[in-house]
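Report on the following structure.
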Amino acid sequence: KKHVLIIGAGGVAQVTAHKCAQNNDILGDLHIASRTREKCEAILASVAEKGSMKQEGVFKAHGLDARDTAAVAALIRETGAQIVINVAQPFVNMPVLEACIETGAAYMDTAIHEDPGKICETPPWYANYEWQRRDRCAEAGVTAILGVGFDPGVVNAFARHGIDAYVPEVEAIDIVDINAGSHGRWFSTNFDPEINFREFTGTVYSWQNGAWQSNKMFEIGKEWDLPVVGKQKAYMTGHDEVHSLAANYPQADVRFWMGFGDHYINVFNVLNNLGLLSEQPVTTAEGLEVVPLKVVKAVLPDPSSLAPDYTGKTCIGTRVRGKKDGQAAEVFVYNIADHKDAYNEVGSQGISYTAGVPPVAAAMLIADGTWDTGTMVNVEELDPKPFFEILDRIGLPTRVKDANGDRAWNA
Ligand code: NDP
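The opening position of the sequence shown corresponds to residue 5 in this note's numbering, with each subsequent residue numbered one higher.
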């Protein structure tokens, strides 16, 4: 058993907390810490209400400013946490990782580190912060699993599995993220608006023909025909996993595609063209200094409030193309998740669910030693099979579709 500290108390943390509770026989004592302690208490109340604790055990709430490495290290020591699941805003990733290196606790996150003042840094993004600490993790024997949500995360494991099992001579890796659900609001982002918009205001980087290519957001669109959700338009988008997969499979083209409706694109373009998605402060006539993006976040719905009315499904997967034994080969490795099922189980919408479950599967694999590497890794560097086995059991089953049909990954 290994004790766990969850950092953050947003939509994703709510799911992670429930899933840790459901598996506390393997994980041991549980703690959750965030900037606003009351949000942690509310998550614990929801865990109690749904009876999520598998067996009697500790689950405590703490207030924490995770930008403060010393404070994070002190809390790790106080709680005896051996695994830290960081699902706070990605601005705190490096301070939390530093605290893990200092204390020896295993580290996980679900998004690349971001500097609040910088939008879109030079590729590969992981080399700007995370990989600079790779040697220190190895020296300290600290396990750090980067980007272990759904995308990045499970889709990296999908890529590894697609290559290992179906397409050994990989030529192209395309990650496709379609949310075919409906939240019923006039406009909302599905997770933290600040992070969501920051993903789309920068350059769209892809790895093609052995080099980084730059495009603008919504410049390159493509219709995909996918299991369950059918034909869907998706746009090439910058995303974390492109930056690690391109380093691990430089011989392949690596692209990320996200589905957007015309309404989202329209609202995004208006906000962006007006300057309302800027992270640079402006001063009003009254002398008030405000960050436009923070104001937009403040007036939009809280993504976790979408959960009760959210219906429909998500389809997120990785298409791998190339050759096997000299013949053309292709496979789509994917998962279907349902917004309503997620709400009924843990009180969250499907996007938070798909992001919040995988780090718990990874924590279980660290607890039993399978993924306790003592080094820093991206998910595609790990054996995906034990990960899929746990994900199958705890709510995110993996499927494959190829010329031989559509089936469970291990059928
Ligand atoms: P939310 O905005 O709902 O939650 C973020 C949480 O972080 C809040 O509870 C916030 O506290 C807390 N926080 C922010 N700064 C600090 C700080 N300095 N110290 C302590 N806590 C802090 O976001 P989500 O739950 O939707 O997303 C969480 C993370 O998951 C993000 O990094 C996001 O990018 C990532 N994500 C990854 C996905 C994947 O598939 N890989 C998909 C979706 C999200 P407060 O409540 O006080 O503001």
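We treat Cβ as the ideally placed atom computed from N, Cα and C, and that holds for glycine.
Rounded distance between the beta-carbons of residue j and residue i, thought under 8 Å
{"i": "V233", "j": "C319", "result": "4 Å"}
{"i": "I11", "j": "A74", "result": "At roughly 15 Å, the Cβ-Cβ gap does not stay under 8 Å, so I11 and A74 are not in contact."}
{"i": "M380", "j": "A148", "result": "4 Å"}
{"i": "P312", "j": "Y357", "result": "Actually they do not touch by this definition, with Cβ atoms about 14 Å apart."}
{"i": "V300", "j": "L281", "result": "7 Å"}
{"i": "Q26", "j": "K58", "result": "5 Å"}
{"i": "R189", "j": "P307", "result": "Not really, about 10 Å apart at Cβ, beyond 8 Å."}
{"i": "T402", "j": "N339", "result": "6 Å"}
{"i": "G378", "j": "V100", "result": "Actually they are not in contact, since the Cβ atoms of G378 and V100 sit about 18 Å apart, beyond 8 Å."}
{"i": "P231", "j": "D396", "result": "The Cβ separation is near 17 Å, so there is no contact."}
{"i": "L150", "j": "Y133", "result": "Not really, about 10 Å apart at Cβ, beyond 8 Å."}
{"i": "I30", "j": "P94", "result": "Not a contact, Cβ separation roughly 27 Å."}
{"i": "P242", "j": "E203", "result": "According to the sequence as given, residue 242 is Gly; it is not Pro. Yes, they are in contact, since the Cβ atoms of G242 and E203 sit about 7 Å apart, within 8 Å."}
{"i": "A215", "j": "K226", "result": "With 8 Å as the limit, A215 and K226 do not qualify as a contact, their Cβ atoms being about 21 Å apart."}
{"i": "D139", "j": "G14", "result": "At roughly 32 Å, the Cβ-Cβ gap does not stay under 8 Å, so D139 and G14 are not in contact."}
CB contact flag (residue i, residue j, <7 Å)
{"i": "A371", "j": "K64", "result": "no"}
{"i": "G360", "j": "V16", "result": "yes"}
{"i": "N90", "j": "H117", "result": "no"}
{"i": "A55", "j": "N28", "result": "Here residue 55 turns out to be Gly, not Ala, going by the sequence shown. Result no, Cβ atoms of G55 and N28 do not sit closer than 7 Å."}
{"i": "Y170", "j": "A333", "result": "yes"}
{"i": "N194", "j": "I47", "result": "no"}
{"i": "A423", "j": "L9", "result": "There is no way to answer for residue 423, as the model of the chain reaches only from 5 to 415."}
{"i": "S186", "j": "T315", "result": "yes"}
{"i": "D68", "j": "A49", "result": "In the sequence on display, residue 68 carries Leu and not Asp. Their beta carbons are not under 7 Å apart, which means L68 does not touch A49 by this criterion."}
{"i": "P127", "j": "D244", "result": "no"}
{"i": "P388", "j": "H35", "result": "no"}
{"i": "Y253", "j": "V174", "result": "yes"}
{"i": "E106", "j": "A142", "result": "no"}
{"i": "V51", "j": "P362", "result": "no"}
{"i": "E283", "j": "L297", "result": "yes"}
{"i": "A365", "j": "F391", "result": "yes"}
{"i": "H66", "j": "V350", "result": "no"}
{"i": "V324", "j": "I167", "result": "yes"}
{"i": "W228", "j": "Q217", "result": "no"}
{"i": "E353", "j": "L400", "result": "As written in the sequence, residue 353 is Gln, which differs from the Glu given in the question. Not in contact: Q353 and L400 (Cβ atoms no closer than 7 Å)."}
{"i": "K317", "j": "A184", "result": "yes"}
{"i": "P172", "j": "K405", "result": "no"}
DSSP bridge partner residues for residue i (one or two, in chain order)
{"i": "L230", "result": "G234"}
{"i": "I87", "result": "V8 and A110"}
{"i": "H35", "result": "L9 and K64"}
{"i": "Y239", "result": "G225 and M262"}
{"i": "G378", "result": "Bridge partners of G378: none, in fact."}
{"i": "W211", "result": "W216 and V258"}
{"i": "K405", "result": "F336 and D410"}
{"i": "C44", "result": "BP columns for C44 are empty, so no partner."}
{"i": "V324", "result": "I177 and V335"}
{"i": "D342", "result": "K317"}
{"i": "T358", "result": "None, per the DSSP bridge assignment."}
{"i": "V286", "result": "V294"}
{"i": "I422", "result": "This structure does not reach residue 422, given that the chain is present from 5 up to 415, and the question cannot be answered."}
Residue i Cβ short of 6 Å to the ligand PLP heavy atom set
{"i": "A74", "result": "Of the ligands this structure carries, namely the ligand NDP, none is the ligand PLP."}
Counting pairs of beta carbons, one from the stretch 174-187 and one from the stretch 254-263, are three or more of them closer than 8 Å?
yes
Quick check on the DSSP output: what are the complete alpha helix (DSSP H) runs of length 4 or more inside the stretch 123-160, in order along the chain?
138-144
Report yes or no: do three or more beta-carbon pairs, one from the stretch 121-130 and one from the stretch 37-44, lie closer than 8 Å?
no
Is it a yes or a no for the stretch 102-112 touching the stretch 197-208, going by three-plus beta-carbon pairs under 8 Å?
no
Are there three or more Cβ pairs, one per stretch, closer than 8 Å when the stretch 260-270 is compared with the stretch 214-229?
yes
Between the stretch 234-250 and the stretch 147-162, do at least 3 Cβ pairs fall closer than 8 Å?
yes
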